[in-house]
Amino acid sequence: MAYKNREVAKAARQLKARFSKLKNQRAILRAPELLALFDRLKTLPSDERASFGKEVNKLKQELEAMVSEANSQQPTTNNQAIDVTAPMDVNANRPALLPVDLASRHPITSELENILDIYGRMGFTAVESREIDDDYHMFGSLNFPEGHPARDDYDSFVTDEDLLAPAHTSTMQNRVLRAGKKDLESGQAIRAVIPGRVFRNEDVDASHSHTFYQLEGVYVDEDINVGHLIATLKTFLESYWEQEIEVKTQPFYFPFTEPSLELTISCPFCAKAGCSICKHSGWIELLGCGMIHPNVLREAKIDTEKYTGFAWGMGIDRLVMMKHGIEDIRHFHSGNLRFLRQFQ
Ligand code: DAH
Numbered sequence: 180m181a182y183k184n185r186e187v188a189k190a191a192r193q194l195k196a197r198f199s200k201l202k203n204q205r206a207i208l209r210a211p212e213l214l215a216l217f218d219r220l221k222t223l224p225s226d227e228r229a230s231f232g233k234e235v236n237k238l239k240q241e242l243e244a245m246v247s248e249a250n251s252q253q254p255t256t257n258n259q260a261i262d263v264t265a266p267m268d269v270n271a272n273r274p275a276l277l278p279v280d281l282a283s284r285h286p287i288t289s290e291l292e293n294i295l296d297i298y299g300r301m302g303f304t305a306v307e308s309r310e311i312d313d314d315y316h317m318f319g320s321l322n323f324p325e326g327h328p329a330r331d332d333y334d335s336f337v338t339d340e341d342l343l344a345p346a347h348t349s350t351m352q353n354r355v356l357r358a359g360k361k362d363l364e365s366g367q368a369i370r371a372v373i374p375g376r377v378f379r380n381e382d383v384d385a386s387h388s389h390t391f392y393q394l395e396g397v398y399v400d401e402d403i404n405v406g407h408l409i410a411t412l413k414t415f416l417e418s419y420w421e422q423e424i425e426v427k428t429q430p431f432y433f434p435f436t437e438p439s440l441e442l443t444i445s446c447p448f449c450a451k452a453g454c455s456i457c458k459h460s461g462w463i464e465l466l467g468c469g470m471i472h473p474n475v476l477r478e479a480k481i482d483t484e485k486y487t488g489f490a491w492g493m494g495i496d497r498l499v500m501m502k503h504g505i506e507d508i509r510h511f512h513s514g515n516l517r518f519l520r521q522f523q
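Position in the sequence shown (from 1) plus 179 gives the number in the numbering used here.
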């Protein structure tokens, strides 16, 4: 096709010469020479614009025709059978492993390992939580009456089948208690920690995410009281922060504990002098805990005359943010390499 305008003719020559060499031939439609002609069109006085525009459009159409012609010549089928049930493309070459030295451990993974290691040495077994659950484990087994307003604090995502994305790791309490009942009756305490990913209907900002991590802890035996609860948490915290930590409790409300407490710790960064991390108060509210409500034990068929226990739930993200000075919780799920590579 001949072009009267010299600029268009020149671009046409260049583009056609390049076309056959391109792997992705459709890319010719976004070639800089073509885009430059459209840009130029906008700058022309109106009397020149019509004829120039016609030529540029003609060139574009010619290129489009070349692309569709080339595509129609490509074989659209091959004779190999495709296994549509295979978990990967069995027709493709096997992917090579990515070089390990480019990877780094996610800070949540590393810290969780550290946390589980400390609890492991304290005699706690780690149990995995689950990421889809039901109303009974989320509420019913935890002494939340039907329609009770406390349920609103745990607003989460629900499927059409009425399954839900758990809003806390306490969903695992009933399972852990039921599984441990036999051991308990043969004289062994129930001691479990349950890390897990949890989900909430949350307005997202630097310190709130719809997806975050918690660690639940459960301890049941004969003659267990609040003193055991506080000593256990203090032991963990001092090991985690590698220093002496003071703890304070204040009354709180959770349907699944009685009494319910909020545990506050002395700031590990300023020894209570006041700093930006503890918002200049010297103290940090860290977690919820309490003595397991008899209704929760009863629901797991545990004899409440004989056994008592405590439980706690701690947010992991905040702990990791504090430890590493991370200012925005959204970094954790961002996949941003500039963030992740700092933990290599
Ligand atoms: N599940 C509570 C929450 O996410 C935290 C919690 C509080 C867990 C007290 C416990 C507990 O096991 O005893 O807000």
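Note that beta-carbon positions come from the ideal geometry of N, C-alpha and C, so glycine has one too.
- Per DSSP, the continuous beta strand (DSSP E) segment holding F378 begins and ends at 369–378.
- Note on the stretch 379–462: whole beta strand (DSSP E) runs with a minimum of 3 residues are 390–401, 426–431, 436–445, in chain order.
- Inclusion of S439 in the 7 Å shell around the ligand DAH follows from its C-beta lying nearer than that to a non-hydrogen atom of the ligand.
- Membership of T487 in the beta strand (DSSP E) is indicated by the continuous run 486–494.
- In this structure, the CA atom of P266 is about 22 Å from the CA atom of I311.
- Residue side-chain check: Q429 keeps its Cβ at 7 Å or more from all non-hydrogen atoms of the ligand DAH.
- Under the three-state reduction of DSSP output, L519 falls in the helix class.
- Between the C-alpha atoms of G467 and R520 there is a straight-line separation of about 32 Å.
- For E290, the closest alpha carbon among the candidates L394, R209, F303 is that of L394.
- Between V246 and Q193, the beta carbon gap of about 16 Å keeps them out of contact (Cβ cut-off 8 Å).
- Between the alpha carbons of E248 and F391 lies a gap of roughly 51 Å.
- Comparing C-alpha distances from A188 to each of L223, E241, K200 shows the shortest one belongs to E241.
- A contact between stretches requires three or more CB pairs, one per stretch, nearer than 8 Å, and the stretch 494–502 meets this requirement with the stretch 277–295.
- Look at M501 here: in three-state DSSP terms it is helix.
- Secondary structure of L281 (DSSP, three-state): helix.
- In the DSSP secondary-structure assignment, E464 is bridged to T443.
- Taking all protein chains in view, the Cβ of P278 is surrounded by fewer than 16 other Cβ atoms within 10 Å, so the residue is classified as exposed.
- Secondary structure of T288 (DSSP, three-state): helix.
- Secondary structure at G469: strand, using DSSP grouped into helix, strand and coil.
- In the three-state DSSP reduction, L321 falls in the helix class (H, G or I).
- With a cutoff of 8 Å on beta-carbon distance, N322 and H472 are scored as near each other.
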